[in-house]
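Structure first, commentary second.
There are 2 protein chains.
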Amino acid sequence: MPRVTIADIAKEAGVSKPTVSRALNGHPDVGAETRERIQRIAADLGYAPSASARSLRTGRHDTLGLLMPLQQWWGYSDIQYGIAEESARRGLHLMVHPLRPGERAEREFVTQTLPTLPVDGLILLMPEGTPRHIGAIAHTSMPSVVIDDRGHRLDLPYVESTNRAGFREAVLHLVRHGRRRIAFVGGQLNDAFAQERFEGYLDALREGGIPYDPDLTLLPADREPTADEITELLGTDPDGLAVAWDEIAFSALNALHAAGHRVPDDVAVIGFDDSPIARVMQPPLTTVRQPFRQMGAAAVRMLLDSIEHGRPPAHFTVPTELVIRDSCGSHEDQ
Amino acid sequence: MPRVTIADIAKEAGVSKPTVSRALNGHPDVGAETRERIQRIAADLGYAPSASARSLRTGRHDTLGLLMPLQQWWGYSDIQYGIAEESARRGLHLMVHPLRPGERAEREFVTQTLPTLPVDGLILLMPEGTPRHIGAIAHTSMPSVVIDDRGHRLDLPYVESTNRAGFREAVLHLVRHGRRRIAFVGGQLNDAFAQERFEGYLDALREGGIPYDPDLTLLPADREPTADEITELLGTDPDGLAVAWDEIAFSALNALHAAGHRVPDDVAVIGFDDSPIARVMQPPLTTVRQPFRQMGAAAVRMLLDSIEHGRPPAHFTVPTELVIRDSCGSHEDQ
DNA sequence: TTGTACGCGTTATCAC
DNA sequence: GTGATAACGCGTACAA
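The listed protein sequences derive, respectively, from chains A and B.
No gaps in the numbering here: position 224 of the first sequence is 224 in the UniProt record's numbering, and each next residue is one more.
No gaps in the numbering here: position 15 of the second sequence is 15 in the UniProt record's numbering, and each next residue is one more.
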C-alpha cells in the first residue's frame, strides 16, 4: 500500500495541499475549523510526513551528527549519553559516525562523507593525537562544536571542563589533610590534559607552601606506567599520589598493595575522571569527576545556537567536581 | 553560494542530467569518455549529492536506526560499537534513538517517531523489563532485529549469545578443579538471563555428579545482593561462587575480603559478561565473555538481509568465551 | 549510448 | 484564510 501524503489528505478534506501543510505545521493563518478537520483526517489516514521530502524542500534535517573515535572508553559513552538526551529533548535526531584513526580516514571524512551528510551540525569528539586534518571542518559551512579541544586549536567553538582548577582542588585537599610529600603521576606533558593537571598540581603545592620536588614526578609514556616506574616512585617515600587519570590510579593502587603499603594510611591516592571502576576499587578512589554528560548537553546547545544564529567561535566551561571516597584518607576526620 | 547539482555538471559537460546521474552512479550504459569527463567536472565543481533528494526518489536512506535504552551500561556501548563498525564497513549511516522507559514512551515511539524515521531498518536493544508495547514494531513494515530478546517474545529476528552453555562451561571449570560446594548467585528467576544461567549451573552440577543444594542458591532482588545476604551465604561454607553477573561478583569479592576469606584459596569466584572492571579487580575475575561486538555486527548483517530479501523471522547465536583469570584458582595448575 | 519527460512529498511565493 | 504554481535535487521510464 502506498504512502499517505498531504495530497491524499487534501483530496479527502476538499482543500489544497498548501492548506494541509499549513494546518499540520501550526501556521496561524488557517481557519480553526479547517485545521481541526485536517488534523482529524490526517490521523484517520495514518499520515506520516516524509523526512526526505521535507529536508529537500527546507534544507534542514533536524539531525545532529556526532563524530566519535572508533575507540572504547566509558567517557565517550557518557558524553554521547548527554548529547543523545539533550538532542531528544529538542526533538532532534542523532547520527553517530565512527572516525577511524589516521590522517587518510580524516581526509576522506572531510572531503567525501561530510558534504553529503544529512545533518544540520556536527559535534566532534576527538582523542589526543588526532591529526590536524580534521580541522578542515572549520573551513566548511557545516556548523560544528568540539568537545575537549585540548591542544587541537581547531578554530571551532568548544566545550571543556576545569582540568587545572579541578586537579588543584583535589591536591589541595590532600595538602589540607597533612600530606607533604605528594607525588604527581601523569602522562607526558605534551599531552595537553596531563599538562593542565600538572599545573593544577603545582598550583596546589604553591598554595600549600610546599616546594616542588622533581623526584616526586612520574611521567610515563602512553599514560601507562610500568611496574618498575611505580616501584621506583614508591622508593622516594611519598605520602600521597596525585594521579592524573583514574586508570593509572588503579594500577598504582594495585602496586601499592603488592608492595605492602596501606592506602590511605601510608599513602593517600587521588585520581581524575571518576571512572565507574573508582567506586568499586578497594579502597574506593577519591577522584575528580568529569561532567561528561553536561559537556555533551552543552555542546548540543552551543551547536543549536550556531545553527540558528551563526554564532562566532566561543567556548564553554563546565566545572569538575571533587568526589571524596576512602583512598584519600579524609573520610573519617570530617 | 548555491549547491552544485547534477544540472550544473550537465550544463558544464554539455550533456543531459540523466547522463550525469548514470555516469556518477556507475551505470554500464554510458560512454567511457563521457563518464570520465563527467567525473572530472563533478570533482572540479565540488559536487556532493543531496541525500534528501536521493532518498525522496529512491525510498532508501542508507541509514540504520538503533533504539537504545536511556541507561548507562558498558555492554550497550560495546554492542553499539559493533553495530557502528559493521554499518560503516557497509557504507551505512547509524542513527541512535534513546528510548525512555515506560509504556507511554514506547507507544509514542512506535506511533509518532517511527513512521517518519529516515531509516531503512531498526535494531532494538532493550533491557529486561521493557514492556511489551514496543513489540508493535513487528506489525510494522519496518525491518527490525532485536538483540538479546530474552523473554520478550517479540516475534522478530534476534541475536543472542550462549548464556546457558557459557555458564555451564564456567561452572564445570570450577568442578574440574575440585570445587564441590559451589553456590549460585544471580537475579530472580523471572529474569530470563538469570534463568538461563541458573540452568547452565544446574547442567554443570549434574555433569559433575554434584547434587543440587538449595541452600547454596542466592537469588537477590534487582540483581543486587545485600551485605546480609552475602554474609548468610558465606555461612553455608561454599568453596566456589558462580555469579551470574560481574557486577554482583565484584560485590561478592569485596564481601569475601571483608569477611576474611581468601580468593581463590578459600573460595573461587566466577562471573559473567567480562566487564572492563573484571580485569583490574583483585584478584582479576574469571568470567564468561559476552561477544557484544560480534552480536552487534551480526544484527547489522541480519537486518541487511531482511531489508534486501525480506527474510522471515530467524535468529542467530554467537558463542560466549570463558576467560580464565586468577579468581577461579586454576591459573597456577594448568 | 543519450535525451525527454516526469514524479517523489513537501513547503515557499504570490495572488486572490 | 485559501488556492494555484513552482521549486527543492535526483532517478527512472521510455523514446530516440
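No residue lacks a Cβ here, since even glycine has one placed at the ideal position from N, Cα and C.
No experiment lies behind these values; they were computed from the predicted model shown.
Chain A contact for residue i (CB, 8 Å cutoff)
i	result
Thr-236(B)	no
Pro-101(B)	no
Thr-286(B)	no
Glu-207(B)	no
Asn-25(B)	no
Ala-53(B)	yes
Ile-9(B)	no
Gln-334(B)	Its pLDDT being 40, under 50, Gln-334(B) is placed unreliably by the model, and nothing is read from it.
Cβ of residue i within 8 Å of any chain B Cβ
i	result
His-257(A)	yes
Leu-56(A)	yes
Leu-64(A)	no
Ile-277(A)	yes
Val-323(A)	no
Boundaries of the beta strand (DSSP E) in which residue i is found, first to last residue
i	result
Arg-179(B)	That residue, Arg-179(B), is in no beta strand (DSSP E); it is neither H nor E in DSSP.
Pro-98(B)	93-99
Glu-160(A)	158-161
His-315(A)	315-318
Phe-272(A)	268-273
Ala-242(B)	240-243
Arg-324(B)	Per the sequence presented here, residue 324(B) reads as Ile, with Arg not at that position. It is not in any beta strand (DSSP E) - Ile-324(B) carries neither H nor E in the DSSP assignment.
Continuous alpha helix (DSSP H) stretch holding residue i: start and end
i	result
Tyr-212(B)	No alpha helix (DSSP H) holds Tyr-212(B); DSSP gives it neither H nor E.
Leu-256(B)	246-258
Val-87(A)	The sequence given here has Ser at residue 87(A), not Val. Residues 74-89.
Val-20(A)	17-24
Ala-138(A)	Segment: none, Ala-138(A) is in no alpha helix (DSSP H) and carries neither H nor E.
Pro-276(A)	276-280
Leu-304(B)	292-309
Thr-34(B)	32-45
Listed by chain order, chain B residues near residue i by CB distance under 9 Å
i	result
Phe-250(A)	Val-280
Leu-70(A)	Tyr-81, Ala-84, Glu-85, Ala-88
Contacts that residue i makes with chain B (C-beta to C-beta distance below 7 Å)
i	result
Val-96(A)	Ala-84, Leu-94, Val-96
Asn-254(A)	Gln-282
Where residue i meets chain A, residues with beta-carbon distance less than 8 Å
i	result
Ala-48(B)	Pro-115, Thr-116
Cβ distance (whole Å) where residue i is taken to contact residue j below 8 Å
i	j	result
Gly-65(B)	Leu-122(B)	4 Å
Asp-222(B)	Pro-264(B)	Between Pro-264(B) and Asp-222(B) the Cβ distance is about 27 Å, and since that is not below 8 Å, they are no contact.
Val-288(B)	Ala-170(B)	5 Å
Pro-291(A)	Glu-247(A)	Contact flag wrong, Cβ pair sits at about 19 Å.
Gln-112(A)	Asn-254(B)	Actually they do not touch by this definition, with Cβ atoms about 50 Å apart.
Val-145(B)	Ser-306(B)	7 Å
Ser-52(A)	Pro-115(B)	13 Å between Cβ atoms; not a contact.
Glu-128(A)	Arg-164(A)	In fact, because the Cβ distance is near 16 Å, the residues do not count as touching under 8 Å.
Leu-303(A)	Pro-143(A)	6 Å
Tyr-201(A)	Ala-242(A)	5 Å
Leu-233(A)	Ala-183(A)	6 Å
Glu-86(A)	Ala-297(A)	4 Å
- Using a beta-carbon distance cut-off of less than 9 Å, what residues from the segment 75-93 of chain A approach chain B? Tyr-76, Ser-77, Asp-78, Gln-80, Tyr-81, Ala-84, Glu-85, Ser-87, Ala-88, His-93
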